[in-house]
Structure formats: C-alpha cells, structure tokens
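J.: According to the working numbering, the sequence shown is numbered sequentially starting from 22.
All C-beta atoms, glycine included, are put in the ideal place defined by N, C-alpha and C.
This is the structure I want to talk about, given as structure tokens.
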Amino acid sequence: MAEQSTADRASRKGRTGVVTSDKMEKTVTVSLVRRYAHPVYGKQVTRTKKVKARNEKDAKVGDTVRIMETRPLAKTVCWRVTEIVLKAK
Numbered sequence: 022m023a024e025q026s027t028a029d030r031a032s033r034k035g036r037t038g039v040v041t042s043d044k045m046e047k048t049v050t051v052s053l054v055r056r057y058a059h060p061v062y063g064k065q066v067t068r069t070k071k072v073k074a075r076n077e078k079d080a081k082v083g084d085t086v087r088i089m090e091t092r093p094l095a096k097t098v099c100w101r102v103t104e105i106v107l108k109a110k
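Here's what the structure looks like:
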C-alpha cells in the first residue's frame, strides 16, 4: 500500500507561480504563466491561468510559490502550496 501511494504522489502535477491574492482565510490565488510558440506564426504567446491553492506555508502577495495538485479541498481548491520559492520584497 505504501508503494502505491508513493507512485501516486510522484504522478501529481506541480507548478510554479506568483501569488496574486491572499484575502481568503486559508487560500491564495496563484497566477500560472505559460509561454509557447504559436503553431502557425511561431510568435511567442503568453497565457495566464489563475488557480486557488491551500496556503499552509503563509504565502503573501508577490511571493513565488511551488504548488502541487491534490484532492479537492473545497469547491474551487484542488492545489496546495508546497514551498515558497522566493519571498516578495
């Protein structure tokens, strides 16, 4: 049983983003930015997605954080903050 849970944990998605809001009690909003080349024109395109993550590491607005996918913790929360990579100034 322990081996299976370790394999499941390794298959979870992890992302790095910037905290844009910490007004909720246990949750922060994290902005995830991805860049890719346009399939036809080749120009770099930037897309931003906002996700809500459970904040147990006390992250504040402007912090760069690493988040990991988890089971649904609330209606809109399916991520949790695993570490604060860079504190805001």
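Under 8 Å between the Cβ atoms of A74 and V102?
T.: Less than 8 Å separates the beta-carbon of A74 from that of V102.
J.: Which first and last residues belong to the beta strand (DSSP E) in which G38 is found?
T.: Element bounds for G38: 35–42.
J.: Is the separation between the beta-carbon of R87 and that of G35 shorter than 8 Å?
T.: yes
J.: Cα separation between S52 and T85?
T.: One Cα belongs to S52, the other to T85, and the distance between them is close to 10 Å.
J.: Within a Cβ cutoff of 6 Å, which residues of the same chain sit near C33, ignoring the five residues on either side of it in sequence?
T.: Per the sequence shown, the amino acid found at residue 33 is Arg instead of Cys. Excluding positions up to five away in sequence, the list reads M89, E90.
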